[in-house]
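Colleague: Quick note on our numbering: the sequence shown kicks off at 2 and runs consecutively.
Just so you know, even glycine gets a beta-carbon here, dropped at the ideal spot from N, CA and C.
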Amino acid sequence: MTRFLVAILAGALAVSVCQAQEAQVGERFVVTDIQLQGLQRVSAGTVFNILPVNVGDTMDAVTVREVIRGLFKSGYFDDVTLSRDGGVLIVRVVERPAIESIEIDGNKAIKTESLLESLAEAGLREGEIFKQATLERISIELERTYFAQGRYDATINARSASLPRNRVQIRIDIEEGQSSGVRHINIVGNTVFSQQELLAQLELSHPTLFSFIQGNDKYSKEKVQGDLETLESYYQDRGYVEFTARSVQVSVTPDKSSVYVTVNVQEGDRYVVDDVQLVGELSDVDPDLVNRLFLVREGDVFNRALVTATEERIVNAFGNAGYTFANATGVPEVKENGVVDVRFVVDAGKRAYVRRISFAGNSVTRDDVMRREMRQIEGGWASTQAIDRSKVRLDQLGYFEPESVNVETTPVPATDDQVDVDFTVEEVPTGNINAQLAYAEGPGLMLSLGFRQENVAGTGNRLGASISWSDYQKAASFDFHDPYYTVDGISRGYNVYARETNFHAINVARFSTDSYGAGINFDFPVGEEQRLQFGALVEQTSLGTGLFTSSEISDFIAASGDEFLNVKALGHWSKTTLNHGLFPTAGGRYRLGGLVAVPGSDLEFYRLTLSGERYFPIGRRFAVGLRSEIGYGGVYGDTETYPFYEHFYAGGFGSVRGYEKSSLGPRIEDVGYFSQRGRPFGGNLLVEASAEFIFPLPFGDRLRGVRSAYFFDAGNVFNTECPETSTECLGFDAEEIRVTTGVGVTWLSAMGPMSFALALPLNDKPGDEVERFAFELGYSF
Numbered sequence: 002m003t004r005f006l007v008a009i010l011a012g013a014l015a016v017s018v019c020q021a022q023e024a025q026v027g028e029r030f031v032v033t034d035i036q037l038q039g040l041q042r043v044s045a046g047t048v049f050n051i052l053p054v055n056v057g058d059t060m061d062a063v064t065v066r067e068v069i070r071g072l073f074k075s076g077y078f079d080d081v082t083l084s085r086d087g088g089v090l091i092v093r094v095v096e097r098p099a100i101e102s103i104e105i106d107g108n109k110a111i112k113t114e115s116l117l118e119s120l121a122e123a124g125l126r127e128g129e130i131f132k133q134a135t136l137e138r139i140s141i142e143l144e145r146t147y148f149a150q151g152r153y154d155a156t157i158n159a160r161s162a163s164l165p166r167n168r169v170q171i172r173i174d175i176e177e178g179q180s181s182g183v184r185h186i187n188i189v190g191n192t193v194f195s196q197q198e199l200l201a202q203l204e205l206s207h208p209t210l211f212s213f214i215q216g217n218d219k220y221s222k223e224k225v226q227g228d229l230e231t232l233e234s235y236y237q238d239r240g241y242v243e244f245t246a247r248s249v250q251v252s253v254t255p256d257k258s259s260v261y262v263t264v265n266v267q268e269g270d271r272y273v274v275d276d277v278q279l280v281g282e283l284s285d286v287d288p289d290l291v292n293r294l295f296l297v298r299e300g301d302v303f304n305r306a307l308v309t310a311t312e313e314r315i316v317n318a319f320g321n322a323g324y325t326f327a328n329a330t331g332v333p334e335v336k337e338n339g340v341v342d343v344r345f346v347v348d349a350g351k352r353a354y355v356r357r358i359s360f361a362g363n364s365v366t367r368d369d370v371m372r373r374e375m376r377q378i379e380g381g382w383a384s385t386q387a388i389d390r391s392k393v394r395l396d397q398l399g400y401f402e403p404e405s406v407n408v409e410t411t412p413v414p415a416t417d418d419q420v421d422v423d424f425t426v427e428e429v430p431t432g433n434i435n436a437q438l439a440y441a442e443g444p445g446l447m448l449s450l451g452f453r454q455e456n457v458a459g460t461g462n463r464l465g466a467s468i469s470w471s472d473y474q475k476a477a478s479f480d481f482h483d484p485y486y487t488v489d490g491i492s493r494g495y496n497v498y499a500r501e502t503n504f505h506a507i508n509v510a511r512f513s514t515d516s517y518g519a520g521i522n523f524d525f526p527v528g529e530e531q532r533l534q535f536g537a538l539v540e541q542t543s544l545g546t547g548l549f550t551s552s553e554i555s556d557f558i559a560a561s562g563d564e565f566l567n568v569k570a571l572g573h574w575s576k577t578t579l580n581h582g583l584f585p586t587a588g589g590r591y592r593l594g595g596l597v598a599v600p601g602s603d604l605e606f607y608r609l610t611l612s613g614e615r616y617f618p619i620g621r622r623f624a625v626g627l628r629s630e631i632g633y634g635g636v637y638g639d640t641e642t643y644p645f646y647e648h649f650y651a652g653g654f655g656s657v658r659g660y661e662k663s664s665l666g667p668r669i670e671d672v673g674y675f676s677q678r679g680r681p682f683g684g685n686l687l688v689e690a691s692a693e694f695i696f697p698l699p700f701g702d703r704l705r706g707v708r709s710a711y712f713f714d715a716g717n718v719f720n721t722e723c724p725e726t727s728t729e730c731l732g733f734d735a736e737e738i739r740v741t742t743g744v745g746v747t748w749l750s751a752m753g754p755m756s757f758a759l760a761l762p763l764n765d766k767p768g769d770e771v772e773r774f775a776f777e778l779g780y781s782f
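#1: Can you name, in chain order, every residue of its own chain whose Cβ lies under 6 Å from the Cβ of Ser602, other than the five neighbours on each side?
#2: Tell me Ala570's beta-bridge partners as DSSP assigns them.
#3: Can you tell which of Tyr495, Glu501, Glu529 and Gln531 has its C-alpha closest to the C-alpha of Gly520?
#4: Between Ser44, Val89 and Asp79, which has its C-alpha nearest Asn55's C-alpha?
#5: Report the option in Leu52, Gln419 and Leu229 whose CA atom is closest to the CA atom of Ser75.
#6: Determine which residues share a DSSP beta bridge with Met371 and list them.
#7: Could you give the C-beta distance for Val657 and Asp714, rounded to a whole number, given that I count them as a contact under 8 Å?
#8: In whole angstroms, what separates the C-alpha of Ser469 from that of Gly613?
#9: Does the segment 135-154 come within contact of the segment 218-227, defined as at least 3 CB pairs closer than 8 Å?
#10: In this structure, how does DSSP classify Pro618 when only helix, strand and coil are distinguished?
#11: Express the C-alpha separation of Gly638 and Ala439 in angstroms, rounding to a whole number.
#12: Can you tell me which of Ile157, Ser543 and Glu137 puts its alpha carbon nearest to the alpha carbon of Glu647?
#13: Apart from the five residues on each side of it in sequence, which residues of its chain come closer than 8 Å, Cβ to Cβ, to Ile315?
#14: Quick check: Gln386 and Asn321, are their CB atoms within less than 7 Å of each other?
#15: Considering only the alpha carbon of each residue, which of Ile171, Gly87 and Phe194 lies closest to Asp106?
#16: Between the segment 571-580 and the segment 548-560, do at least 3 Cβ pairs fall closer than 8 Å?
#17: What are the boundary residues of the beta strand (DSSP E) that includes Glu529?
#18: Consult DSSP for Ser612 and reduce its assignment to one of helix, strand or coil.
#19: What whole-angstrom Cβ distance do Tyr643 and Gly634 have, given they're in contact under 8 Å?
#20: Should the segment 257-267 be called in touch with the segment 180-192, which here means at least 3 C-beta pairs below 8 Å?
#21: Are Val92 and Phe131 close, meaning C-beta to C-beta below 7 Å?
#22: Use the C-beta contact count for Ala24: other C-beta atoms within 10 angstroms, 16 or more gives buried, fewer gives exposed.
#23: To the nearest angstrom, report how far apart Val539 and Tyr498 are at their CA atoms.
#24: CB-CB under 6 Å to Arg390, same chain, minus the five flanking residues each way: which ones, in chain order?
#25: What distance in whole Å lies between the Cβ atoms of Gly240 and Tyr272, which are believed to be in contact at a cut-off of 8 Å?
#26: On the three-state DSSP scale, how would you describe Leu544?
#27: Using the rule of at least 16 other Cβ atoms within 10 Å of the residue's Cβ for burial, across every protein chain shown, is Phe774 buried or exposed?
#28: What separation, rounded to the nearest whole angstrom, lies between the Cα atoms of Gly716 and Glu736?
#29: Residues in the same chain with beta-carbon distance under 7 Å from Leu763, minus the five sequence neighbours each way, listed in chain order, please.
#30: Within its chain, find whatever has a CB closer than 8 Å to the CB of Val16; leave out the 5 residues flanking it on each side and keep chain order.
#31: Let's test the definition: count the other Cβ atoms within 10 Å of the Cβ of Ser163 and tell me whether it reaches 16, buried, or not, exposed.
#32: Does the distance from the CB of Pro667 to the CB of Phe682 come in under 7 Å?
#33: In angstroms with no decimal places, state the Cα-to-Cα distance between Pro526 and Glu404.
#34: Is it buried or exposed for Gln41, if we count other Cβ within 10 angstroms and need 16 for buried?
#35: Nearest-angstrom Cα distance between Ala458 and Ser663?
#36: Just to confirm, are Glu409 and Asp423 a CB contact at a threshold of 7 Å?
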């Protein structure tokens with residue numbers, strides 16, 4: 002009771018003092034000066050801007066209330082007190098603390114950066130003024146963020162801790178809970194298309210057998226918004242111009258584990274295009290040229306996708322003529338009787354010229370190496386086609402991450418007809434070291450070391466060297482290639498090598514070769530996509546045989562000898578339209594090549610190859626790839642038999658996965674070999690084909706530089722010149738084509754490119770050397 006009375010008396014005294022101060026200040030007086038007390042972070046200028054009174058003004062009770070109200074309304078202060086000392090107005094304030102830091106714990110589904118961005122959009126960030134209501138606002142904003150992700154049972158606990166110098170730290174503990182699953186989706190108002198047909202278009206789905214992998218049954222507001230846009234596109238691409246999704250209701254079950262989604266739609270009528278018009282400012286671009294770009298035709302059912310595609314074609318056409326910032330908008334004008342006019346409104350703007358082209362992200366590759374790939378020139382008018390082609394050429398170099406080459410065209414400040422073109426890239430390691438130390442039955446101890454750099458010191462030059470030692474082969478090689486030997490893009494390359502190869506050690510026929518050679522080649526560009534290459538190679542080859550040499554080998558040596566000096570002329574044509582040099586998803590690469598040992602060589606033979614690969618994108622994440630190769634070798638002049646050591650081989654990576662490397666095709670009898678089928682011998686005819694369905698791995702977004710694909714491989718090698726003594730020569734026979742299927746993954750890891758293949762032969766025969774799992778590794782730096 003005593004304490005209660007003391008508290009009452011103290012409160013009464015405080016009120017009396019405050020009233021006395023207010024009464025004192027409230028008396029009319031002229032302000033001769035203003036003093037501010039209690040400021041820490043808020044500047045005096047900020048306070049003076051808030052105060053409705055200045056030196057020389059008259060203070061009274063009304064002004065006092067306006068001053069106090071204005072200072073509190075600013076949100077900077079927890080307390081404001083006014084007093085006077087003669088004509089001096091004294092303003093005492095107690096500042097609210099500032100938010101020093103915001104720490105979030107317990108979040109996994111949503112990144113901390115994303116949560117902080119959500120708070121910042123609501124005005125809650127480090128450095129802002131802290132109020133007690135801030136904690137409640139934080140909880141509300143974060144709950145809203147989690148609810149949008151379908152996590153309705155998420156709980157947010159926000160608390161503050163005082164720090165020195167009038168600061169606070171905010172600590173947020175989150176229990177995210179589980180994502181609510183979609184129990185059922187109902188579309189109301191549809192009469193043209195069935196419920197089943199519309200649901201098949203949506204990303205969201207009720208639970209299915211593969212939902213645990215795809216996650217398409219997990220609700221989120223973002224997915225719903227995307228599905229509404231999908232529905233709108235589906236209808237408008239089929240003539241329903243006025244289709245709208247009027248509303249979406251989401252009902253959460255009491256336990257918050259599931260939701261019911263109801264979408265109300267209004268389909269409208271189906272419209273046919275009656276008239277297509279081009280209007281607007283075309284500048285000096287020919288209207289007839291633009292009209293030929295129209296994909297929308299009179300009499301066709303309205304299709305929003307064709308309208309959008311036409312807009313892009315018009316913008317690109319103007320962009321190619323230098324009108325970088327041209328706009329084209331297809332506007333449907335609905336009329337009566339089920340018809341619609343489409344007006345393409347064009348604003349060409351001013352023609353823009355390129356002031357500067359710059360590059361960023363290339364810490365290794367030199368600017369001049371990238372600049373020589375540019376088809377857009379500085380000082381010329383900006384061309385969308387030239388800029389896009391420049392981007393493709395950078396992609397095709399193979400120096401950069403797939404899809405990492407970006408280009409941005411930005412206006413130059415204070416001008417209306419100049420732009421800068423800025424390229425940004427992410428480089429990948431272009432050096433490769435392959436090292437191997439192993440032991441296997443047959444080859445025995447194997448040691449090899451190889452070096453290859455595709456971009457020497459950022460110059461774009463290619464350099465390679467390798468040495469290897471094993472019972473199978475002892476070899477050394479060196480090669481160098483300058484892709485811009487001349488400024489016109491003519492390239493030049495050299496190579497020298499020495500090889501001693503014992504084929505008997507790797508399960509192939511019982512013979513060996515000692516080869517030494519040196520060559521030079523020149524590569525000439527033919528337009529943007531095609532090249533011609535010519536070269537020459539001088540090679541000395543010596544053959545060796547074992548105790549149990551097959552009749553095919555001994556007959557060849559008896560007829561042609563065992564030492565040959567051949568001068569080979571090389572030539573090939575190639576065309577490349579791939580969108581990327583590493584992991585293409587569109588375009589193609591084709592090659593026709595030939596080699597001939599020129600007249601006067603010890604052996605007179607030739608070798609032809611035709612190969613091609615083509616990629617077809619399916620959306621942004623999928624693609625189909627096709628590959629094929631045909632090779633044939635023959636003789637002319639005095640040479641009667643194609644050199645067996647120049648044979649084609651098949652099997653393994655890059656050929657027919659699912660079989661041991663070089664194990665397919667003709668075989669020869671070997672007395673010392675314990676196999677009824679003999680040893681692989683290769684052939685002078687190669688036939689191979691492959692089809693791949695490229696798809697993203699479920700966790701692919703977490704790894705950069707990963708490609709996965711289902712594949713079908715088919716192929717074999719044959720010999721069209723089978724000697725009578727051969728037991729399994731295998732002349733061409735379509736029934737001998739081996740077919741495999743499987744899945745393969747290639748990863749550009751920090752250790753270098755890793756390739757894995759799990760293959761299933763579909764028509765293997767007894768004696769085939771099957772390899773169901775294969776793996777290759779290189780070390781990159």
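Modeller: With the given structure in hand:
#1: For the purposes of this step, residue 602 is taken as the residue at position 601 of the sequence shown. Excluding sequence neighbours, Ser602 sits near Asn567 and Val568.
#2: Residue mapping note: residue 570 aligns to position 569 of the sequence shown, counting from 1. In the DSSP output, where bridge partners are listed per residue, Ala570 has Ala537 and Val597.
#3: On the sequence shown, residue 520 is found 519 positions in, with the first residue counted as 1. With distances taken between Cα atoms, Gly520 lies closest to Tyr495.
#4: The residue given as residue 55 occupies position 54 in the sequence shown. With distances taken between Cα atoms, Asn55 lies closest to Val89.
#5: For the purposes of this step, residue 75 is taken as the residue at position 74 of the sequence shown. Closest in alpha carbon position to Ser75, among Leu52, Gln419 and Leu229, is Leu52.
#6: Position 370 of the sequence shown holds residue 371. DSSP output for Met371 lists no bridge partner at all.
#7: Here residue 657 is taken as the residue at index 656 of the sequence shown, counted from 1. Here residue 714 is taken as the residue at index 713 of the sequence shown, counted from 1. Contact flag correct, Cβ pair sits at about 5 Å.
#8: Numbered from 1 along the sequence shown, position 468 holds the residue referred to as residue 469. Numbered from 1 along the sequence shown, position 612 holds the residue referred to as residue 613. Spanning the two alpha carbons is a distance of roughly 31 Å.
#9: When C-beta atoms of the segment 135-154 are compared with those of the segment 218-227, three or more pairs fall below 8 Å, so the two segments count as touching.
#10: Counting from one through the sequence shown, the residue named residue 618 turns up at place 617. Residue state, collapsed to three classes: strand.
#11: Walking along the sequence shown from the start, residue 439 turns up at place 438. Walking along the sequence shown from the start, residue 638 turns up at place 637. Reliability fails at Ala439, whose pLDDT of 49 lies under 50, so the model's placement of it is uncertain and no value is given.
#12: Taking the sequence shown and counting its residues from 1, the one referred to as residue 647 is at position 646. When each option's Cα is compared against that of Glu647, the closest is Ser543.
#13: Reading the sequence shown from its first residue, position 314 is the one you call residue 315. Around Ile315: Val291, Leu294, Ala327, Ala329, Phe345 and Val347.
#14: Position 385 of the sequence shown, counting from 1, holds the residue named residue 386. Position 320 of the sequence shown, counting from 1, holds the residue named residue 321. Contact flag set, yes.
#15: The sequence position of residue 106 within the sequence shown is 105, counting from 1. It is Ile171 whose Cα lies nearest to the Cα of Asp106.
#16: In short, these stretches do not touch, since the Cβ pair count stays below three.
#17: As a position in the sequence shown, residue 529 is number 528, starting the count at 1. Taken as a continuous stretch (DSSP letters only), Glu529 belongs to no beta strand (DSSP E), as it is neither H nor E.
#18: In the sequence shown, residue 612 corresponds to position 611, counting from 1. Per DSSP, reduced to three states, the secondary structure at Ser612 is strand.
#19: Within the sequence shown, residue 643 is the residue found at index 642, counting from 1. Within the sequence shown, residue 634 is the residue found at index 633, counting from 1. With 8 Å as the limit, Tyr643 and Gly634 qualify as a contact, their Cβ atoms being about 5 Å apart.
#20: Put simply, the segment 257-267 touches the segment 180-192. At least three CB pairs are less than 8 Å apart.
#21: As a position in the sequence shown, residue 92 is number 91, starting the count at 1. As a position in the sequence shown, residue 131 is number 130, starting the count at 1. It is not a contact, given that the beta carbons lie outside the stated cut-off.
#22: The residue given as residue 24 occupies position 23 in the sequence shown. A caution first: Ala24 carries a pLDDT of 43, below 50, which makes its placement in the model unreliable, though a value can still be read off. Answer is exposed; the Cβ neighbour count stays below 16.
#23: Position 538 of the sequence shown, counted from the start, is the residue given in the question as residue 539. Position 497 of the sequence shown, counted from the start, is the residue given in the question as residue 498. So the alpha carbons of these two residues sit roughly 11 Å apart.
#24: The sequence position of residue 390 within the sequence shown is 389, counting from 1. Around Arg390: Arg376.
#25: Translated into positions along the sequence shown, residue 272 becomes position 271. Translated into positions along the sequence shown, residue 240 becomes position 239. Contact annotation, Tyr272 with Gly240: C-beta distance approximately 5 Å; criterion of less than 8 Å satisfied.
#26: Against the sequence shown, residue 544 aligns to sequence position 543. Assignment of Leu544 by DSSP, reduced to helix, strand and coil, places it in the strand class.
#27: Your numbering for residue 774 matches position 773 in the sequence shown. It is exposed - the Cβ of Phe774 has fewer than 16 other Cβ atoms within 10 Å.
#28: Here residue 716 refers to the residue found at position 715 of the sequence shown. Here residue 736 refers to the residue found at position 735 of the sequence shown. So the alpha carbons of these two residues sit roughly 11 Å apart.
#29: Within the sequence shown, residue 763 is the residue found at index 762, counting from 1. If we look at Leu763 and ignore the five residues flanking it on each side, its Cβ neighbours are Val740, Thr741 and Thr742.
#30: Numbered from its first residue, the sequence shown carries residue 16 at position 15. Caution is warranted here: a pLDDT of 38 is assigned to Val16, below 50, making its placement in the model unreliable, and the coordinate value is therefore given only provisionally. For Val16, where only same-chain residues beyond five positions count, there are no Cβ hits under 8 Å.
#31: In the sequence shown, the residue the question calls residue 163 occupies position 162. Exposed, by the Cβ-count rule.
#32: Taking the sequence shown and counting its residues from 1, one reaches residue 667 at position 666. Taking the sequence shown and counting its residues from 1, one reaches residue 682 at position 681. Between Pro667 and Phe682, the C-beta spacing is below 7 Å.
#33: On the sequence shown, position 525 is the one that residue 526 refers to. On the sequence shown, position 403 is the one that residue 404 refers to. Near 25 Å, if we compare the C-alpha coordinates of Glu404 and Pro526.
#34: Here residue 41 refers to the residue found at position 40 of the sequence shown. Exposed.
#35: Mapped onto the sequence shown, residue 458 falls at position 457. Mapped onto the sequence shown, residue 663 falls at position 662. Rounded to the nearest angstrom, the two C-alpha atoms are 36 Å apart.
#36: Taking the sequence shown and counting its residues from 1, one reaches residue 409 at position 408. Taking the sequence shown and counting its residues from 1, one reaches residue 423 at position 422. It is a contact, given that the beta carbons lie within the stated cut-off.
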